[in-house]
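Engineer: When the letters of the sequence shown are read in order and numbered with UniProt numbering, they come out as residues 1 to 191. Below you will find the structure I want to go over with you.
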Amino acid sequence: MKYSTARLSRPLEGSSACGDIVVEEHEGSWSLFAVVDALGHGLEAEDSARRAAEAISAARGRPLQEVFETVHRSLRGRRGVVMSAILVEGETATFAGVGNVEIFTPDGVSRPVTLAGTLGGGVYRFRSFGLPLRSGQRWVLASDGVKTREAGALLAQLRAQPPQAVAATILSQAARVQDDASLLILDVEHA
């Protein structure tokens, strides 16, 4: 399968440090797409988000649960993060989420659940869900800095637009000014 993606993040209004980060990693037929949102804002949050991205990169090619475990271990003693990720291996896709990073699914696809918890601090539970990956689908991951209802409406209105244009519109019209915001759009294309 081929993909088109858009990855955008921006800090809360008046700040230059962003505690949200969008990650895309590839290794052969293994592709991981994730949104990470560190707790709080500012430089410490930005540091935790970057460390999480580095941990994801270090776990490239591994099963999704190992990716989450690697991120969790890398943040011990630091500010925690929440994260949702889609792992594509060949024609198979899997989703997992810890915390409040939202997933928007294509029409007709049930939304998988994100589990409560924080990576890096305390205990979290891991559960993954298989995704029916098909050509023509659009999958979206968004941090809690993006207003869910408004983003959902914009996704429906802008269905025919390319991922980058949709992501830019959502961040400009549906992001909370008092929070960092990030968004990943994954369009599945014909092979």
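For each residue, glycine too, the CB sits at the ideal point set by N, CA and C. Since this is a predicted model, take the numbers as computed values, not measurements.
1. For D107, is the classification buried or exposed, using 16 other Cβ atoms within 10 angstroms of its Cβ as the cut-off for buried?
2. Would DSSP call G42 helix, strand or coil?
3. According to DSSP, is A116 helix, strand or coil?
4. Apart from the five residues on each side of it in sequence, which residues of its chain come closer than 8 Å, Cβ to Cβ, to A17?
5. For G19, which three-state DSSP category applies?
6. Ordered along the chain, which non-local residues of its own chain (more than five positions away) have a Cβ less than 7 Å from that of I185?
7. Check whether the Cβ atoms of V98 and V82 sit closer than 8 Å, and answer yes or no.
8. A96 bridges to which residues according to DSSP?
9. Leaving aside the five residues before and after residue 192 along the sequence, list all residues of the same chain whose C-beta is less than 7 Å from its C-beta, in chain order.
10. At which residue ranges does the region 56-86 contain complete beta strand (DSSP E) runs of 3 or more residues, listed in the order of the chain?
11. Going by alpha carbons, who is nearest to V109 out of R78, E89 and R134?
12. Output the boundary residues of the alpha helix (DSSP H) element that contains R149.
Structural biologist: According to the structure data:
1. Mapped onto the sequence shown, residue 107 falls at position 107. Label assigned to D107: exposed.
2. Along the sequence shown, read from residue 1 onward, the residue named residue 42 stands at position 42. Three-state result, G42: helix.
3. Locating residue 116 in the sequence shown gives position 116, where the first residue counts as 1. Looking at A116 - three-state DSSP - the assignment turns out to be coil, as it is neither helix nor strand.
4. On the sequence shown, residue 17 is found 17 positions in, with the first residue counted as 1. Within the same chain, A17 has close Cβ partners P11, H41, G42, L43, A45 and E46.
5. Counted from its first residue, the sequence shown places residue 19 at position 19. Reduced to three states, the DSSP call for G19 is coil.
6. The count along the sequence shown starts at 1 and reaches residue 185 at position 185. These residues qualify, in order along the chain: T5, A6, R138, V140, P163, V166 and A167.
7. Counted from its first residue, the sequence shown places residue 98 at position 98. Counted from its first residue, the sequence shown places residue 82 at position 82. Result yes, Cβ atoms of V98 and V82 sit closer than 8 Å.
8. As a working mapping, residue 96 is identified with position 96 in the sequence shown. A85 and S128, per the DSSP bridge assignment.
9. Outside the shown range of the chain, which is 1 to 191, sits residue 192, and nothing can be said about it.
10. none
11. Here residue 109 is taken as the residue at index 109 of the sequence shown, counted from 1. Closest by alpha carbon: R134.
12. By 1-based counting over the sequence shown, the position of residue 149 is 149. Per DSSP, R149 belongs to the alpha helix (DSSP H) from T148 to Q157.
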